[in-house]
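Here the numbering used here = 1-based position in the sequence shown + 7. Here is the structure we will look at.
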Amino acid sequence: MLALSGIWLVLLVVEFTRGLSPVLQTANDVIWIAFVLQFLVEVAIAPSRSLYLRKHWLTAVSLALPALRLLRLP
8 MLALSGIWLV
18 LLVVEFTRGL
28 SPVLQTANDV
38 IWIAFVLQFL
48 VEVAIAPSRS
58 LYLRKHWLTA
68 VSLALPALRL
78 LRLP
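Dropping the structure here:
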């Protein structure tokens, strides 16, 4: 996941500076989905889901924010 974090950071910089090609946008989305799935698995196996979410609220917010792109108006 550390390697994916680095790749995602590079893609984020490219997106902000030049925009992403369709292939790079797909790679960006796949990486984001991988992070979301990992987080969901961690929440599912946590002994106390509410405690886990309280301790990792920033992760939950940072994973939810990219989903707001889907709500962008054209």
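Beta carbons are placed, not taken as given, at the ideal position from N, Cα and C, and that holds for glycine. What you are looking at is a predicted structure, and each value in this text was computed from that prediction instead of being measured.
Which of the three DSSP states is assigned to P29 in this structure? Here P29 carries a helix assignment [DSSP, helix/strand/coil].
Looking only at its own chain, which residues have a Cβ that is under 7 Å from the Cβ of A34, when we skip the five neighbours before and after it? L18
Can you list, in chain order, the residues of its chain with a C-beta nearer than 8 Å to that of T66? Leave out the 5 residues immediately preceding and following it. F46
Under a three-way DSSP split, which group does P54 fall into? coil
Buried versus exposed, by CB contacts within 10 Å (16 or more), W15: With 16 or more neighbouring CB atoms inside 10 Å of its own CB, W15 falls in the buried class.
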